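Using numbering that gives the first Met the number 0, the first residue of the sequence shown is number 0, and each one after it goes up by one.
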Amino acid sequence: MRKRYYDMLEKLRRIGIIEGISLIILIFIAVPIKYIMGKPLPVRIIGSIHGLLWLYLLYNLYEVYKRSLIEKETAIKIIIASVIPFGFFFIDKTVKRFENLAQ
Numbered sequence: 000m001r002k003r004y005y006d007m008l009e010k011l012r013r014i015g016i017i018e019g020i021s022l023i024i025l026i027f028i029a030v031p032i033k034y035i036m037g038k039p040l041p042v043r044i045i046g047s048i049h050g051l052l053w054l055y056l057l058y059n060l061y062e063v064y065k066r067s068l069i070e071k072e073t074a075i076k077i078i079i080a081s082v083i084p085f086g087f088f089f090i091d092k093t094v095k096r097f098e099n100l101a102q
């Protein structure tokens with residue numbers, strides 16, 4: 000059972016990193032291309048991918064929270080960090096701490 004909880008936390012951590020990288024790509028690459036070069040397509044593509052990843056992060060966060068693997072305050076902090084560029088570092092560090100407790 001502990002292995003399953005560890006795997007859930009590991010999945011949440013990895014999704015947080017991927018989602019965070021997609022936010023960085025969106026903000027620092029796709030948006031400048033849109034406004035400097037006048038090409039909105041990268042924002043539509045990367046924005047859609049990022050949106051799906053963010054929803055997937057929220058779903059996995061809910062699953063982890065539902066099983067009482069993290070506290071409510073931590074879940075709220077993760078949600079806030081997920082909308083801040085480079086916030087995925089916080090998500091990684093926080094979830095890794097809970098992973099160590101689940102081992």
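Using N, Cα and C, we set each Cβ at its ideal position, and we do this for glycine too.
Note that this is a predicted model, so its numbers are computed, not measured.
Residue i by DSSP, collapsed to three states: which one?
i, result
"glycine 15", "helix"
"phenylalanine 89", "helix"
"isoleucine 83", "coil"
If I'm right that residue i touches residue j with Cβ under 8 Å, what's the distance once you round it to whole angstroms?
i, j, result
"phenylalanine 87", "glutamate 9", "Contact doesn't hold; Cβ gap of about 15 Å is too wide."
"leucine 51", "serine 81", "13 Å between Cβ atoms; not a contact."
"isoleucine 16", "aspartate 91", "6 Å"
"proline 105", "isoleucine 23", "Because the chain in this structure spans residues 0 to 102, residue 105 falls outside the shown range and cannot be described."
With C-beta atoms as the reference, is residue i less than 8 Å away from residue j?
i, j, result
"phenylalanine 97", "isoleucine 77", "no"
"lysine 95", "arginine 13", "no"
"glutamate 62", "methionine 7", "yes"
"isoleucine 45", "serine 21", "yes"
"glutamate 74", "tyrosine 5", "Reading the sequence as shown, one finds alanine at residue 74 and not glutamate. No, Cβ-Cβ distance for alanine 74 and tyrosine 5 is not below 8 Å."
Contiguous alpha helix (DSSP H) assignments of at least 4 residues, all confined to the stretch 23-73: 30-36 and 40-65
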